[in-house]
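J.: Quick one: the structure is below, and I'll ask about it shortly.
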Amino acid sequence: MPALLSNLSADKVNTAISFGCFVLTVVLYFVSKRLYAYRKTLLFSPLVFVPGVLVLLVLLTGIPYSVYFRDTRWLMWLLGPATIAFAVPIYEYRDLIRRHWLSLSVGVAVGIGAGVCGSLLLAKLLHLSPELQRSLMTRSVSTPFALAVSDKIHAPKDLTALFVIATGICGMLLGEIVLALVPMRTRLARGALFGAAAHGVGTAKAREIGSEEGVVSSLTMMIAGVAMVLIAPLLTLLPI
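So for the sequence shown, numbering that gives the first Met the number 0 puts the first residue at 0; every next one is plus one.
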């Protein structure tokens with residue numbers, strides 16, 4: 000009986016901690032949004048500020064990841080509806096899509112091929128484990144699509160999400176450098192650059208540049224994600 004009461008008490012404590020982590024995550028997100036609106040620097044970006052603060056707090060308090068993830072997993076589920084929401088501006092700019100469907104399709108195909116093959120080649124050169132190789136293959140598409148593909152190719156979801164976020168941040172930063180060095184006059188090219196290289200993070204940056212760039216980036220990201228899910232069975236045939 001004492002052991003049972005002790006287990007029940009520990010479970011209640013973990014439940015309270017997990018819910019507190021959920022609330023803290025949401026609060027930190029809105030705080031970072033306000034900070035980023037005040038000063039648009041990478042440090043205040045929600046993708047950098049929130050994980051950085053949370054990792055520091057978890058390490059200092061010793062909260063197990065399983066306890067933190069118990070309630071905050073619902074935030075990861077919201078990535079699906081958030082990605083689908085990108086379809087709204089795509090519908091509004093459907094005429095633009097009809098005019099440039101061939102360029103977008105070819106660009107997505109080349110982007111997926113380069114992302115998968117480049118990641119796999121680099122992973123093999125570095126002699127990374129099969130789990131890391133599988134996770135890296137899906138890094139160039141948005142998180143909901145990458146997680147769906149990771150199930151089919153037996154890649155660890157935690158690593159997949161980490162590589163996707165890292166790719167998005169790097170793509171956003173390098174995308175600005177590329178735009179500064181390479182003269183891309185059309186909005187189509189600027190938007191496709193961010194959508195193909197940095198998926199959701201890049202799309203947010205593309206929207207800051209212009210509405211049409213944001214639409215093209217959203218479309219590129221969506222097509223790339225769907226295409227990656229469709230070719231997932233073929234990825235299992237690659238030598239790993």
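All residues carry an ideal CB built from backbone N, CA and C; glycine is no exception.
1) Under 8 Å: do the segment 124-138 and the segment 104-111 share three or more Cβ pairs, one atom per stretch?
2) Residues in the same chain with beta-carbon distance under 6 Å from Arg-206, minus the five sequence neighbours each way, listed in chain order, please.
3) Sorted by chain position, which residues of the same chain lie with C-beta nearer than 6 Å to Asp-94's C-beta, five sequence neighbours on each side aside?
4) Find out if the Cβ-Cβ distance for the pair Ala-231, Lys-156 is shorter than 8 Å.
5) When the distance is taken between beta carbons, is Ala-191 closer than 8 Å to Ser-216?
6) Would you mind giving the Cβ-Cβ distance between Thr-24 and Leu-53, rounded to the nearest angstrom? I have them listed as a contact below 8 Å.
7) Using 8 Å for Cβ pairs, my map puts Val-140 next to Gly-167. What's the rounded Cβ distance?
8) Just the C-alpha distance for Ile-222 and Asp-10, rounded to the nearest angstrom, thanks.
9) Leaving aside the five residues before and after Gly-174 along the sequence, list all residues of the same chain whose C-beta is less than 8 Å from its C-beta, in chain order.
10) For Met-220, collect the residues of the same chain with a Cβ closer than 6 Å to its Cβ; drop the 5 residues on either side in sequence, then sort them by chain order.
T.: The short version:
1) no
2) Gly-213
3) none
4) no
5) yes
6) 6 Å
7) The Cβ separation is near 10 Å, so there is no contact.
8) 43 Å
9) Leu-192, Phe-193, Ala-196, Ala-197, Gly-201, Lys-204
10) Ser-141, Gly-194, His-198, Thr-202
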